[in-house]
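Count along the sequence shown starting at 1, add 1316, and that's the number in the numbering used here.
Glycine residues also receive a C-beta, built at the ideal position from the N, C-alpha and C atoms.
Take a look at the structure set out below.
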Amino acid sequence: MKKVVIVGGGQAAASLAAKLRSEGFEGSIAMICKEEHPPYQRPPLSKKYLLGEMSLDRLYLRPLSFYDDQNITLHLGKAVHRIDPKKKQIMFGEDILGYDDLVLALGSEPRQLPVQIGGQLRNVFTVRDLADADSLAPKFNESKHVLIIGGGYIGLEAAAVAAQRGLNVTLVEMADRILKRVAAPQTSDYFRALHISRGVAIKEGINLEKLTGNGGVANVAKFSDGTALQIDFVIVGVGIFPVTDIAAEAGLSISDGITVNALGQTSDPSIWAVGDCCSFPYKDGELRLESVPHAIDQAELVAQNIMGAKVDYVPKPWFWSDQYEVKLQITGLNTGFDEVITRKTSDASVSFWYYKSNHLIAVDAMNDPRAYMVAKRLIESGKTADVSLVADPEADLKGLLKV
Ligand SMILES: Cc1cc2nc3c(=O)[nH]c(=O)nc-3n(C[C@H](O)[C@H](O)[C@H](O)COP(=O)(O)OP(=O)(O)OC[C@H]3O[C@@H](n4cnc5c(N)ncnc54)[C@H](O)[C@@H]3O)c2cc1C
């Protein structure tokens, strides 16, 4: 009987295991994860869970009984420290497990603030896992002023939670605008205005120089523009890096993540990689995506390939972010855009349509699920949308889908 071993217990691992069973895989499935919890959703950690509006059991992707029922063996709270590709074995603690197919679903880790500027201080937090969210949550009750480093989606979502909890919030972004790495200036302007309207102070184009304090706790932040701020705690959202350590030590090929081919195989054909930790072929190069939809789609495809399907992965990128009452939905990849068209259908609903050489490549839709849905279908089918039609709030976008 074939043995599949999955290292990691996040979204990709859970989707892969479930898909193997739903496709009729009868061999053994073991999942080994560093965290103590069965697979859970990460997005609420910077949204509803952090806000205290979601319970722990709703965070879990499946009830524990699912894994029993499906004969999926969970080894929780165990870190795999070594892969031996020759013997087809992995090691965790004192245990050794053999595999026919090994899947690396190792996820990513948050970048930390360097120790020289205070990254080791006890009241400096990142938000990656449940333990992070649980140690951060009490701070919202006992503090007045939070400093957020980084104006990406995690930083902005944390800022929204803190503002909703009534804290004084200051967000500092090193680049000249928030969301610069991922979105057009129009989207940055939209979210800047939203946060400012909720009392968040946004400082762009400045750096944190140093956190200072007493007894291992930061209470003053000094910035590159010479200003300083009294703070009670700090949330750092300055990006993530893919986890590749055990893959690299096993001699697997690494680029921006564990390199896989279109099927999801690493440089060793018995070892696969899925989700945040891997980099896959895309157009003329490689791509690594950090999103739940990608983790699910790629993991499900790899499950089928383990069972012999031999289907190439074609990503259909989409993503979302919740801040206050605004739901942002993103479809496509905006890399290389040269034009952005604004569509505003009401005060609350606006979308930004990204074009490259007159072709629609991505859309950011704020509280506009209809624009998002039409754009997603257009982009996935390789179609475009006339810019004058998109800009006209009266125009019926659904008509575009019939062309
Ligand atoms: C706060 C937050 C908010 C987010 N919001 C959104 C959102 O709104 N929309 C969206 O699409 N995406 C969002 N994401 C991203 C999304 O959660 C990730 O892309 C997704 O979880 C990736 O799944 P994964 O299985 O690849 O990795 P992960 O979910 O990171 O799981 C990897 C697991 O592997 C474990 N592991 C690593 N190394 C080992 C080892 N050696 N041995 C054993 N176990 C190991 C890790 O501890 C971890 O539990 C968010 C992420 C975070 C942190």
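Can you find a CB in chain D that lies within less than 7 Å of the CB of residue i?
i       : result
Leu1392 : Absent from the structure is chain D; it holds one protein chain and no more.
Mind checking residue i: buried by the 16 CB within 10 Å criterion, or exposed?
i       : result
Ile1512 : exposed
Gly1471 : buried
Met1317 : exposed
Phe1635 : buried
Ile1562 : buried
Glu1473 : buried
Gly1567 : exposed
Leu1717 : exposed
Asp1684 : buried
Asp1613 : buried
Ile1412 : exposed
Ala1544 : exposed
Gly1542 : exposed
Consult DSSP for residue i and reduce its assignment to one of helix, strand or coil.
i       : result
Ile1612 : helix
Gly1532 : coil
Gly1624 : coil
Phe1668 : strand
Met1689 : helix
Pro1633 : coil
Phe1753 : Residue 1753 lies beyond the residue range present for the chain, which begins at 1317 and ends at 1719; the question has no answer from this structure.
Thr1503 : helix
Lys1714 : helix
Ile1547 : coil
Tyr1469 : helix
Leu1446 : helix
Taking 6 Å as the cut-off, is the C-beta of residue i nearer than that to any heavy atom in ligand 1?
i       : result
Trp1588 : no
Ala1611 : yes
Leu1487 : no
Gln1428 : no
Ser1362 : yes
Asp1592 : yes
Glu1342 : no
Phe1635 : yes
Ser1607 : yes
Pro1359 : yes
Gln1327 : yes
Lys1350 : yes
Leu1446 : no
Leu1392 : no
Ala1421 : yes
Gly1324 : yes
Ala1395 : yes
Residue i and residue j look like a contact to me (Cβ under 8 Å); what is the Cβ gap, rounded to whole Å?
i       : j       : result
His1461 : Leu1483 : 7 Å
Glu1499 : Asp1680 : The sequence as given places Ala at residue 1499; Glu does not occur at that position. At roughly 6 Å, the Cβ-Cβ gap stays under 8 Å, so Ala1499 and Asp1680 are in contact.
Pro1401 : Ile1587 : 7 Å
Glu1520 : Arg1493 : 5 Å
Asp1572 : Glu1602 : 7 Å
Ala1611 : Ser1331 : 7 Å
Gly1580 : Gly1326 : At roughly 16 Å, the Cβ-Cβ gap does not stay under 8 Å, so Gly1580 and Gly1326 are not in contact.
Does the separation of the CB atoms of residue i and residue j fall below 7 Å?
i       : j       : result
His1477 : Leu1367 : It is worth fixing the name first, because residue 1477 is Val in this sequence and not His. Yes, they are a contact pair.
Ala1449 : Leu1372 : no
His1353 : Leu1429 : no
Lys1632 : Phe1653 : no
Ala1479 : Ile1464 : no
Leu1617 : Val1608 : no
Phe1456 : Arg1481 : yes
Ile1275 : Val1419 : This structure leaves residue 1275 out entirely; the chain is present only between 1317 and 1719.
Gly1423 : Cys1594 : no
Leu1377 : Ala1619 : no
Ala1346 : Ala1615 : no
Lys1538 : Asp1416 : no
Phe1720 : Glu1410 : The question about residue 1720 has no answer here: the residues shown for the chain are numbered 1317 through 1719.
Ile1570 : Ala1564 : yes
Pro1709 : Thr1647 : no
Leu1487 : Val1516 : yes
Ala1687 : Ser1704 : no
Gly1466 : Gly1553 : yes
Leu1649 : Leu1676 : no
Ala1534 : Leu1524 : no
Gly1555 : Arg1444 : no
Tyr1469 : Ser1637 : yes
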